[in-house]
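With the first letter of the sequence shown counted as 1, position 526 gets the number 526 in my numbering; the numbers rise by one all the way through. Idealized CB from N, CA, C, for every residue including glycine. A quick write-up on the structure given underneath.
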Amino acid sequence: MGWKSEWERAQSDPEGFWMDAARSIDWDAAPTKALHDQGGPVPEWFADGMVNTCHNAVDRHVAAGNGDRTAIIYDSPVTDTVRHITYAQLQDRVARLAGAMAARGVTKGDRVLIYMPMVPEALEAMLACARLGAIHSVVFGGFAAAELAVRIDDAQPKAVLAASGGIEPNRTVPYKPLLDGAIEIASHKPDVCIILERPGLEIELGPRDVDWEEAVAAADPHPCVPVRGDHPAYILYTSGTTGAPKGVVRATGGHLVALDWTMSNIYGVKPGEVYWAASDVGWVVGHSYICYAPLVHGCTTIVFEGKPVGTPDPSTFWRVISDHKVAAFFTAPTAFRAVKREDPDGTFMKGHDLSGLRAIYLAGERADPDTIQWIQRLTGKPVIDHWWQTETGWAIAANPMGLEELPVKIGSPSVPMPGYDVQVLDDGGHPVAPGTLGAIAVKLPLPPGTLPTLWNARERFEKSYLNTFPGYYETGDAGMLDEDGYLWIMARTDDVINVAGHRLSTGAMEEVLGTHPDVAECAVIGVADALKGQLPLGFLILTAGVDRPHDEIVKECVKLVRDKIGPVAAFKLAVVVDRLPKTRSGKILRGVMAKIADGAEWKMPATIDDPAIMDEIGTALGTLGYAKAMA
């Protein structure tokens, strides 16, 4: 079946479409129907079915005779380690960890906080929670104590599963002092902390601490506990620059059905093939496509502990793909921009066999055309941009390689996936004509696997996502649909700037700037202007080795935007910087940069990769007469 017919079938008969998809999952008791009105803000999927996520991700593959198949490849250049874990080995490890947790009082419905680096035990922790029916909340390893305390107080975990620390290319990050500090700050106190000790990060256990390996070795294996389809599988906190983080809830049944469907239909991978998502378990990509989807589908997943450059050089992606015969590779555009900046000619790709790689997938931020074209030229592989959010858990729009390889329009994540009725709306909530910029929204109901609510925050859920456009889920992104039904994501709605009455996309300007041969990466923000309301301001990171005068490059960039977008953009301000402030998932913190430029009150984002960079941004803005608040 092609994309169009499948999308139309999901629209006209969502019940039949998703019940068919649900047959790929092992149910303890099959759901009687797909969509259930539970009296909540949105309907829920497969609510009356009984199922266990860990059984579907691990045990059923062993029972089917595939216990010797590799489930996880752990590739860690920072520790010089490569390890293969079979499904049978994973089953034993997870069952015993679940037993260790159960022996310490963790049961169905309890919350468990996971604070881990990129090691196989992070996946084992997630799966052990799922095995018990406990609700996990993974927090990015190394998160600050104060932010970790906020999540402890919101989720109120009975237990914490943590490592003693993380290992970076040039340093180690002790997690235990941060965890201890968070528990001290938090009002809620977990009963137990099960701690994985890492080499070079040995610790002294406290009164509530238990050694991970000792607890697992002494534990009895615990069976899988069936839960209802609407039982929360996990809580994942989204990062915000202000206010308390939002705890996105993922319901078990829809999560399993949707993710398994995507592996066949979006990514086109088969059981037994190797799938690599170069992300982190702290982010939604790590939940969906490092841990759950590949394992549920019976694939081999890669847990990678390293960086795209610096561990040891820009060959890392190509080496891992070649060594482990990766069939589908998924990462963020910012990772490839880092590789491109260090190795623009692709010298470090030589000698690595990419013949088994069928496609490269990008998500997490807008994929600029220049980066996409660079990857295509270098690899000769299809480069598929797709768009989704923490809240949805899987792609809203994609090029569904397993269904039908659609023509690629560089700069577009292609078309809405089955179950997503995507509309572009004006401020009044009315659909706009093709090619018109507006707010991107999804007509309710959302498909399986998407969030049914926020943890303990139903009113906030409705206010954040449902109230602006009644009958729709508000994505917070701005863009347009073209005549062919392709979606174009131009910016967050906050990043659509108003220049003398003209609504302009900062993303469109970034696309133009990215075509300059000396520009490796860029960002555009809107700054306040007394005459025009707002003006665009560009930040330029140059390709390694460029030593031309910066003012020449800035003038050329200004001319590029004027030529491609027109004088209406009023693009006259740009500054060269060494790096951009980003979250650890690679998203550029444009909103914070704009606040600094305008001298407005701002808060250091909890998820920022390196806080010191904000001083550098303030200095750069100061050269243009902005960032007075940081002077």
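{"Query": "Endpoints, alpha helix (DSSP H) assigned at F554", "Result": "The question names Phe, yet the displayed sequence has Val at residue 554. V554 -> alpha helix (DSSP H) spans H550 to K564."}
{"Query": "First and last residue of the uninterrupted beta strand (DSSP E) at I596", "Result": "Premise fails: I596 lies in the alpha helix (DSSP H), R590 to A597, not in any beta strand (DSSP E)."}
{"Query": "Alpha-carbon to alpha-carbon, I489 and D421", "Result": "15 Å"}
{"Query": "Under 8 Å between C-beta atoms of K108 and L132", "Result": "yes"}
{"Query": "Expected contact under 8 Å - CB spacing of T262 and W394 to nearest Å", "Result": "5 Å"}
{"Query": "Extent of the continuous beta strand (DSSP E) to which P232 belongs", "Result": "P232 to T238"}
{"Query": "Burial state of S187, where buried means 16 or more other Cβ atoms lie within 10 Å", "Result": "exposed"}
{"Query": "Paired residues, beta bridge with E214 - DSSP", "Result": "DSSP output for E214 lists no bridge partner at all."}
{"Query": "P416 (DSSP reduced to helix, strand or coil)", "Result": "strand"}
{"Query": "Exposed unless 16 or more other CB atoms sit within 10 angstroms - verdict on N399", "Result": "buried"}
{"Query": "T242 classed as buried or exposed, judged by whether at least 16 other C-beta atoms fall within 10 angstroms", "Result": "Low confidence applies here, because T242 scores a pLDDT of 46, under 50, leaving its location unreliable and the question unanswered by this model."}
{"Query": "Cβ-based neighbour list, E462, same chain, cut-off 8 Å, excluding 5 preceding and 5 following", "Result": "P41"}
{"Query": "Three CB pairs or more closer than 8 Å across the region 251-266 and the region 159-178", "Result": "no"}
{"Query": "Cβ neighbours of D153 in the same chain (closer than 6 Å, five flanking residues each side left out)", "Result": "A186, S187 and H188"}
{"Query": "Which residues DSSP lists as bridging K325, in chain order", "Result": "Per DSSP, none; premise fails for K325."}
{"Query": "Local Cβ density within 10 Å of E459, reported as buried at 16 or more and exposed below that", "Result": "exposed"}
{"Query": "Sufficient close CB pairs (3 or more, under 8 Å) joining the region 511-524 to the region 534-545", "Result": "yes"}
{"Query": "First through last residue of the beta strand (DSSP E) which encompasses F348", "Result": "First-last for F348: undefined, no H or E at that position."}
{"Query": "Nearest-angstrom beta carbon gap, G310 and A332 [assumed within contact, 8 Å]", "Result": "In fact, because the Cβ distance is near 16 Å, the residues do not count as touching under 8 Å."}
{"Query": "Test: A122 CB closer than 8 Å to a CB of chain C", "Result": "The question asks about chain C, but that chain is absent: this structure has only one protein chain."}
{"Query": "Cross-strand partners of T331 (DSSP beta bridge)", "Result": "L362"}
{"Query": "Beta-bridge pairing of W45 - partner residues as DSSP gives them", "Result": "L35"}
{"Query": "Entirely enclosed alpha helix (DSSP H) segments - the region 109-159, minimum 4 residues", "Result": "120-132 and 145-155"}
{"Query": "The region 285-292 contacting the region 73-91, beta-carbon criterion three pairs below 8 Å", "Result": "no"}
{"Query": "From R358, A597, A397 and H36, residue whose alpha carbon lies closest to that of L535", "Result": "A597"}
{"Query": "Candidates P177, A218 and H222: closest to G206 by CA position", "Result": "P177"}
{"Query": "8 Å Cβ cutoff met for V274 and T300", "Result": "yes"}
{"Query": "As assigned by DSSP and simplified to three states, the class of R458", "Result": "helix"}
{"Query": "Unbroken alpha helix (DSSP H) run spanning F17, endpoints", "Result": "P14 to A21"}
{"Query": "For E202 and M417, the rounded distance between their alpha carbons", "Result": "47 Å"}
{"Query": "Euclidean distance between Cα positions of E121 and I85", "Result": "11 Å"}
{"Query": "Cβ-based neighbour list, P314, same chain, cut-off 6 Å, excluding 5 preceding and 5 following", "Result": "V339, E342, D343 and F348"}
{"Query": "Supposed close pair W455, I235 - CB separation, criterion 8 Å", "Result": "5 Å"}
{"Query": "Local conformation of S505 per DSSP, three classes", "Result": "strand"}
{"Query": "Per-residue DSSP class, three states only, for Q373", "Result": "helix"}
{"Query": "Contact check, N52 vs C193, beta carbons under 8 Å", "Result": "no"}
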